[in-house]
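**Q**
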Amino acid sequence: MRRADPALQILEPEEASTIYVTRPDLPNLDDFIPYLRKIWDSKILTNGGPFHQELEQRLCEALGVKYIALFANCTIGLVTALQALRISGEVITTPYSFVATANSLLWNGIKPVFVDIDPATFNLDPSKIEAAITPQTTAIMPVHCYGHPCDVKAIQAIADSYGLKVIYDAAHAFGVGCESGSILNYGDLSVLSFHATKVFTTFEGGAIICPDEKTRQRINFLKNFGFADEETVVAPGINGKMSEFNAALGVLQLQGFDESLAKRKAIDARYRVGLAGVKGIKCAQQTGETVANYAYFPILVQQNYLLSRDSLYQKLRDNDIHVRRYFYPLISEFSMYRGLPSAAHTNLPVARQIAQQVICLPIYPGLRPDQVDRILRVIS
Ligand code: T4K
19 MRRADPALQI LEPEEASTIY VTRPDLPNLD DFIPYLRKIW DSKILTNGGP
69 FHQELEQRLC EALGVKYIAL FANCTIGLVT ALQALRISGE VITTPYSFVA
119 TANSLLWNGI KPVFVDIDPA TFNLDPSKIE AAITPQTTAI MPVHCYGHPC
169 DVKAIQAIAD SYGLKVIYDA AHAFGVGCES GSILNYGDLS VLSFHATKVF
219 TTFEGGAIIC PDEKTRQRIN FLKNFGFADE ETVVAPGING KMSEFNAALG
269 VLQLQGFDES LAKRKAIDAR YRVGLAGVKG IKCAQQTGET VANYAYFPIL
319 VQQNYLLSRD SLYQKLRDND IHVRRYFYPL ISEFSMYRGL PSAAHTNLPV
369 ARQIAQQVIC LPIYPGLRPD QVDRILRVIS
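Numbered per the working numbering, the sequence shown finishes at 398, counting up by one with no gaps.
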């Protein structure tokens, strides 16, 4: 019901058999037209219009959070979150993420300090954070990698002891729940991504989850050039606003989210059954979430598998299955980061090992069981 009209889908013969690591789950185009008509009629295209307000309200309800500020994308959200909390100096973060995490620090003139990850969760290892704290440290920026929660309590305890802020890169964590509710309520701020490749997409988009209205207001000033009113600019803000087009799509997308999640869950289960007996392939486990979002399906290709990780990657691609090695290379391997003392290989043994072993298998609501089985046959 939510798939686009098949008659409108023009598939090249080759594309028809290609399986990508992800594909966006879009509503029926006809269902979006009335939303577009409203925008056309009102001529309100951006700057906090009615769909923007509606999506903020609906997301608060759906996610179980109190205050939210929509953004044009997660990266601008991360840059703005750091500005909002006036973070400077050094920030402790993970090398095992998409490069936007650390880039947001460099855009603020902040030095990233990489700390190794936990081999079970692939998230920042709290037991290694304290050793990386210096007098210049002002914050921790962990990532809920693949939507699996960080050890939020241990991280908060360290932050409280040393007077540090915590900004979660929650790009993967839309809809993830833990025993106390939404994982997005932990830390000082959490930043979501609604990119085309994410479980909830508005084409491009993102949001910051805020603890209170005052912080949200500061963030709203910052995302609108710093304007507090027509005559007052309170900070060197940026243009991080989400347009009405993206917000309207978000309102419609939310209606199909539960259905999307159920389909992802079924694919996750099918992979786990199919890979259970395959020697040398290890599936990542959930890490304490009470509600998972099945955003990614990472496997580790271990030494006792019959092929190396890169040979399996190539074999899958040769079979028209476009898997990805998220997150290889590590952020700390890129030219702007590799000179940092914390980027030293000896400092990041676990992250290096996982990055050498990981493959993210395709997972998205439109992936059919027979396609999952095709992927499993190539691996098994
Ligand atoms: N923090 C973390 C932890 C993140 O993972 C990300 C983004 C961010 C921050 C920043 O969020 P945003 O500023 O983007 O909101 C993709 C995404 O571009 C990126 O958003 C995402 N993380 C990252 C993990 O993955 P690529 O380079 O792998 O994307 P691409 O274009 O190769 O797409 C992968 C596959 O998805 C394609 O093979 C086919 C499919 N696809 C992609 C797009 C863009 C579609 O079917 N339709 C599309 O429009 O980075």
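Yeah, the Cβ is synthetic: ideal placement off N, Cα and C, and Gly gets one too. As the structure is a prediction and not an experimental result, all values here were calculated from the model.
Within a Cβ cutoff of 7 Å, which residues of the same chain sit near residue 70, ignoring the five residues on either side of it in sequence?
**A** Walking along the sequence shown from the start, residue 70 turns up at place 52. Only 88, 260, 262, 265 meet the Cβ criterion.
**Q** Where does residue 108 land, buried or exposed, given buried means 16+ other C-beta within 10 angstroms?
**A** The count along the sequence shown starts at 1 and reaches residue 108 at position 90. Its Cβ being crowded by 16 or more others within 10 Å, residue 108 is buried.
**Q** Under 7 Å Cβ to Cβ from residue 64, same chain only, skipping five residues before and after it: list those, please.
**A** To locate residue 64, count along the sequence shown from 1; it is residue 46. Answer for residue 64: 259, 261, 262, listed in chain order.
**Q** For the beta strand (DSSP E) that contains residue 215, what are its first and last residues?
**A** Locating residue 215 in the sequence shown gives position 197, where the first residue counts as 1. From DSSP, residue 215 is part of no beta strand (DSSP E); its letter is neither H nor E.
**Q** Here's the rule: buried if 16 or more other CB atoms are within 10 angstroms of the residue's CB, otherwise exposed. What is residue 232?
**A** Position 214 of the sequence shown holds residue 232. Exposed is the call here.
**Q** One question on the structure: do residue 193 and residue 311 come within less than 8 Å of each other, judged by their Cβ atoms?
**A** Along the sequence shown, read from residue 1 onward, the residue named residue 193 stands at position 175. Along the sequence shown, read from residue 1 onward, the residue named residue 311 stands at position 293. Contact flag set, yes.
**Q** Using DSSP with H/G/I as helix, E/B as strand and the rest coil, what is residue 333?
**A** Residue numbering aside, residue 333 sits at position 315 when the sequence shown is read from its first letter. Reduced to three states, the DSSP call for residue 333 is helix.
**Q** Between which two residues does the alpha helix (DSSP H) holding residue 275 run?
**A** As a first step, residue 275 is located in the sequence shown; it is residue number 257 there, counting from the start. Taken as a continuous stretch (DSSP letters only), the alpha helix (DSSP H) holding residue 275 covers 275-293.
**Q** Does the beta carbon of residue 174 sit closer than 8 Å to a beta carbon anywhere in chain D?
**A** Of the protein chains in the structure, only one exists, and it is not chain D.
**Q** Measure the C-alpha to C-alpha separation of residue 256 and residue 250 and round it to an integer number of angstroms.
**A** For the purposes of this step, residue 256 is identified with residue 238 of the sequence shown, where counting begins at 1. For the purposes of this step, residue 250 is identified with residue 232 of the sequence shown, where counting begins at 1. Using only the alpha carbons, I get a separation of about 15 Å.
**Q** May I have the straight-line CA-CA distance separating residue 206 from residue 331, to the nearest angstrom?
**A** By 1-based counting over the sequence shown, the position of residue 206 is 188. By 1-based counting over the sequence shown, the position of residue 331 is 313. For residue 206 and residue 331, the distance between alpha carbons rounds to 38 Å.
**Q** Specify whether the stretch 86-105 and the stretch 165-178 touch according to this definition: at least 3 beta carbon pairs, one from each stretch, less than 8 Å apart.
**A** As far as the Cβ criterion goes, the stretch 86-105 does not touch the stretch 165-178, which means the pair count is below three.
**Q** Can you name, in chain order, every residue of its own chain whose Cβ lies under 6 Å from the Cβ of residue 384, other than the five neighbours on each side?
**A** Your numbering for residue 384 matches position 366 in the sequence shown. Taken in chain order, the residues that qualify are 41.
**Q** Around the Cβ of residue 77, are there at least 16 other Cβ atoms within 10 angstroms (buried) or fewer (exposed)?
**A** Your numbering for residue 77 matches position 59 in the sequence shown. Label assigned to residue 77: buried.
**Q** Measuring CB to CB, does residue 36 end up less than 8 Å from residue 237?
**A** Here residue 36 corresponds to residue number 18 of the sequence shown, with the count starting at 1. Here residue 237 corresponds to residue number 219 of the sequence shown, with the count starting at 1. Not in contact: residue 36 and residue 237 (Cβ atoms no closer than 8 Å).
**Q** Residues in the same chain with beta-carbon distance under 7 Å from residue 73, minus the five sequence neighbours each way, listed in chain order, please.
**A** Translated into the one-based positions of the sequence shown, residue 73 becomes position 55. 88, 265, 268, 269.
**Q** Taking its Cβ as the centre, do 16 or more other Cβ atoms sit within 10 Å of residue 21, making it buried, or is it exposed?
**A** Indexing the sequence shown from 1 puts residue 21 at position 3. Since pLDDT at residue 21 reaches only 46, below the 50 mark, its modelled position is unreliable, and the value read off the structure follows with that caveat. With fewer than 16 other Cβ atoms within 10 Å, it is exposed.
**Q** Could you tell me the alpha carbon to alpha carbon distance between residue 271 and residue 359, rounded to whole angstroms?
**A** Here residue 271 is taken as the residue at index 253 of the sequence shown, counted from 1. Here residue 359 is taken as the residue at index 341 of the sequence shown, counted from 1. Between residue 271 and residue 359, the C-alpha separation is close to 44 Å.
**Q** To which residues of the same chain is residue 333 closer than 8 Å at the C-beta, ignoring the five residues directly before and after it?
**A** The residue given as residue 333 occupies position 315 in the sequence shown. Cβ within range, chain order: 325, 396.
**Q** Just to confirm before moving on: does the CB-CB distance between residue 122 and residue 349 stay below 8 Å?
**A** The residue you call residue 122 lines up with position 104 of the sequence shown. The residue you call residue 349 lines up with position 331 of the sequence shown. It is not a contact, given that the beta carbons lie outside the stated cut-off.
**Q** What are the boundary residues of the alpha helix (DSSP H) that residue 74 is part of?
**A** Taking the first residue of the sequence shown as 1, we reach residue 74 at position 56. From DSSP, the alpha helix (DSSP H) with residue 74 extends over 68-81.
**Q** Answer with buried or exposed for residue 213, where buried requires no fewer than 16 other C-beta atoms within 10 angstroms of its C-beta.
**A** Reading the sequence shown from its first residue, position 195 is the one you call residue 213. It counts as buried.
**Q** Would the C-beta of residue 92 count as close to the ligand T4K, meaning under 7 Å from any of its heavy atoms?
**A** Here residue 92 refers to the residue found at position 74 when the sequence shown is read from its first residue. Residue 92: yes, Cβ under 7 Å from the ligand T4K.
**Q** Is the stretch 135-146 touching the stretch 183-200, taking contact as three or more C-beta pairs under 8 Å?
**A** No: the two stretches stay apart, fewer than three of their Cβ pairs being nearer than 8 Å.
**Q** Tell me the start and end of each unbroken beta strand (DSSP E) in the stretch 181-248 that is at least 3 residues and wholly inside, in chain order.
**A** For the stretch 181-248, whole beta strand (DSSP E) runs of length 3 or above, ordered along the chain, are 183-187, 207-211, 224-228, 245-247.
**Q** Measuring alpha carbon to alpha carbon, tell me which of 342, 191, 314 ends up nearest residue 227.
**A** Numbered from its first residue, the sequence shown carries residue 227 at position 209. Answer by Cα proximity: 191.
**Q** Quick one: does the C-beta of residue 132 sit closer than 7 Å to a heavy atom of the ligand T4K?
**A** The sequence position of residue 132 within the sequence shown is 114, counting from 1. Result no, Cβ not under 7 Å from the ligand T4K.
**Q** One question on the structure: do residue 142 and residue 126 come within less than 8 Å of each other, judged by their Cβ atoms?
**A** The residue you call residue 142 lines up with position 124 of the sequence shown. The residue you call residue 126 lines up with position 108 of the sequence shown. Contact: no.
**Q** Kindly indicate the opening and closing residues of the beta strand (DSSP E) around residue 318.
**A** Here residue 318 refers to the residue found at position 300 of the sequence shown. 315-319 is the extent of the beta strand (DSSP E) around residue 318.
**Q** Contact between the stretch 146-156 and the stretch 288-295: three or more CB pairs below 8 Å?
**A** In short, these stretches do not touch, since the Cβ pair count stays below three.
**Q** Identify the continuous alpha helix (DSSP H) that holds residue 93 and give its terminal residues.
**A** Position 75 of the sequence shown, counted from the first residue, corresponds to residue 93. Residues 92-102.
**Q** Alpha carbon to alpha carbon, what distance is there between residue 46 and residue 368?
**A** Here the question's residue 368 lines up with position 350 in the sequence shown. Here the question's residue 46 lines up with position 28 in the sequence shown. Approximately 43 Å between the Cα atoms of the pair.
**Q** Could you give the distance in angstroms between the alpha-carbon of residue 56 and the alpha-carbon of residue 218?
**A** Position 38 of the sequence shown, counted from the first residue, corresponds to residue 56. Position 200 of the sequence shown, counted from the first residue, corresponds to residue 218. Residue 56 and residue 218: Cα-Cα distance of roughly 22 Å.
**Q** Do you know how far the Cα of residue 318 is from the Cα of residue 372?
**A** Your numbering for residue 372 matches position 354 in the sequence shown. Your numbering for residue 318 matches position 300 in the sequence shown. Going by the C-alpha atoms only, they are around 7 Å apart.
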